[in-house]
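**Q** By my numbering, the letter at position 219 of the sequence shown is numbered 219, and the numbering carries on one by one without gaps. In this text, a Cβ means the ideal position worked out from N, Cα and C, and glycines have one as well. Bear in mind the structure is a predicted one, so any value in this text is a computation, not a measurement.
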Amino acid sequence: MFPELSALLIAAVTIGFFHTLFGPDHYVPFVMLSWSRKWSTVKTAAVTLACGLGHILSSIVLGLVGVALGVALESLEFIESTRGTIAAWLLIALGLAYSVWGIRRAILNRPHRHVHIHGVSDVHEHEHTHHGKHAHFHEDGRKTVTPWVLFIIFVFGPCEPLIPLLIYPAARKSYWGVAMVSLTFGMVTIATMMAAVLLMRAGLSLRVLDRAERYTHAIAGLTILTCGLMIEFLGL
Numbered sequence: 001m002f003p004e005l006s007a008l009l010i011a012a013v014t015i016g017f018f019h020t021l022f023g024p025d026h027y028v029p030f031v032m033l034s035w036s037r038k039w040s041t042v043k044t045a046a047v048t049l050a051c052g053l054g055h056i057l058s059s060i061v062l063g064l065v066g067v068a069l070g071v072a073l074e075s076l077e078f079i080e081s082t083r084g085t086i087a088a089w090l091l092i093a094l095g096l097a098y099s100v101w102g103i104r105r106a107i108l109n110r111p112h113r114h115v116h117i118h119g120v121s122d123v124h125e126h127e128h129t130h131h132g133k134h135a136h137f138h139e140d141g142r143k144t145v146t147p148w149v150l151f152i153i154f155v156f157g158p159c160e161p162l163i164p165l166l167i168y169p170a171a172r173k174s175y176w177g178v179a180m181v182s183l184t185f186g187m188v189t190i191a192t193m194m195a196a197v198l199l200m201r202a203g204l205s206l207r208v209l210d211r212a213e214r215y216t217h218a219i220a221g222l223t224i225l226t227c228g229l230m231i232e233f234l235g236l
């Protein structure tokens, strides 16, 4: 099935690239959390890679199990659609919770001034916050749940275009074809995710955004919330 496999591989590259690029859920959450929580480039790449692998492998397993059990393509697509709805609402919940926490943190961390008088001519004032140290995320050397939350969301998140690509080689019992299509689609998807995340993260390192440090968590949460709402209600 070499001619058919060549066509499937071309389709896997094309669909994997555009499916990822046009799906903001594939990179926006990573960019915003990396920016707000000050993840290093290595950690950002590692979290993106892990979530991308979970995203791809879960759909591959579902597709192979469906083929082995003789489940119709329509049923598999319905299952993927249901998984997509669950993933979208999980993303919405994450964005909402993070937004509320970020807004509360910004309010508590509002700077204010104190005037100090020392003698007749020595008068000065300084600006500070009372909650900055207590509200700050200390991630260095500590395990946090955010990467695991993202991983769970991406495991639930479906790769709808992958299932039809796997059906033909699986039905022909071409395990080589299944492996090649899965590997090609997965590599393109993950490479596109990581490229988009790292490029956008570099853009968010601008000083003009660093001035909004007090609001970074709120902005990140609202962006993730908007991303989830667009996926669920606009079908992006």
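Taking Cβ positions, are G228 and I92 nearer each other than 7 Å?
**A** Here residue 228 refers to the residue found at position 228 when the sequence shown is read from its first residue. Here residue 92 refers to the residue found at position 92 when the sequence shown is read from its first residue. Going by C-beta atoms, G228 is nearer than 7 Å to I92.
**Q** What is the DSSP secondary structure of C227, counted as helix, strand or coil?
**A** Counted from its first residue, the sequence shown places residue 227 at position 227. Helix, per DSSP.
**Q** Classify I56: buried if its beta carbon has 16 or more other beta carbons within 10 angstroms, exposed otherwise.
**A** Against the sequence shown, residue 56 aligns to sequence position 56. Classification of I56: buried, given that the 10 Å Cβ count is 16 or more.
**Q** Taking 7 Å as the threshold (C-beta atoms), are T216 and S34 in contact?
**A** Taking the first residue of the sequence shown as position 1, residue 34 is located at position 34. Taking the first residue of the sequence shown as position 1, residue 216 is located at position 216. It is not a contact, given that the beta carbons lie outside the stated cut-off.
**Q** In this structure, how does DSSP classify K38 when only helix, strand and coil are distinguished?
**A** Locating residue 38 in the sequence shown gives position 38, counting from the first residue. Here K38 sits in coil by DSSP.
**Q** Determine the direct distance from the alpha carbon of L166 to that of V181, and round the result to whole angstroms.
**A** Here residue 181 refers to the residue found at position 181 of the sequence shown. Here residue 166 refers to the residue found at position 166 of the sequence shown. When rounded, the distance between both Cα atoms is 7 Å.
**Q** What did DSSP end up calling S75 once you bin it into helix, strand or coil?
**A** Along the sequence shown, read from residue 1 onward, the residue named residue 75 stands at position 75. Residue state, collapsed to three classes: helix.
**Q** Rounded to whole angstroms, what is the Cα-Cα separation between L76 and F233?
**A** Here residue 76 corresponds to residue number 76 of the sequence shown, with the count starting at 1. Here residue 233 corresponds to residue number 233 of the sequence shown, with the count starting at 1. Near 22 Å, if we compare the C-alpha coordinates of F233 and L76.
**Q** Quick one: give me the first and last residue of the alpha helix (DSSP H) that S182 is part of.
**A** Working through the sequence shown from its first residue, we reach residue 182 at position 182. Looking at the DSSP string, the run of the alpha helix (DSSP H) that includes S182 is 175-203.
**Q** Using only the alpha-carbon positions, how far apart do L198 and D25 sit?
**A** Within the sequence shown, the letter at position 198 stands for residue 198. Within the sequence shown, the letter at position 25 stands for residue 25. Looking at the two C-alpha atoms, the distance is approximately 15 Å.
**Q** Out of F151, C159, A196, which has the shortest C-alpha to C-alpha gap to V47?
**A** For the purposes of this step, residue 47 is taken as the residue at position 47 of the sequence shown. Residue F151 is the option with its Cα nearest to V47.
**Q** What is the DSSP secondary structure of E160, counted as helix, strand or coil?
**A** Against the sequence shown, residue 160 aligns to sequence position 160. If DSSP states are grouped into helix, strand and coil, E160 belongs with coil.
**Q** Quick one: residues in its chain with C-beta nearer than 8 Å to the C-beta of T184, no 5 flanking neighbours on either side, listed in chain order?
**A** The residue given as residue 184 occupies position 184 in the sequence shown. Within the same chain, T184 has close Cβ partners L9, A12, V13, G16.
**Q** To which residues of the same chain is T223 closer than 6 Å at the C-beta, ignoring the five residues directly before and after it?
**A** Along the sequence shown, read from residue 1 onward, the residue named residue 223 stands at position 223. So the list reads M32, once near-sequence residues are dropped.
**Q** Taking buried to mean at least 16 other C-beta atoms within 10 Å of its own C-beta, is F30 buried or exposed?
**A** Numbered from 1 along the sequence shown, position 30 holds the residue referred to as residue 30. Counting Cβ neighbours within 10 Å, F30 comes out buried, since at least 16 surround it.
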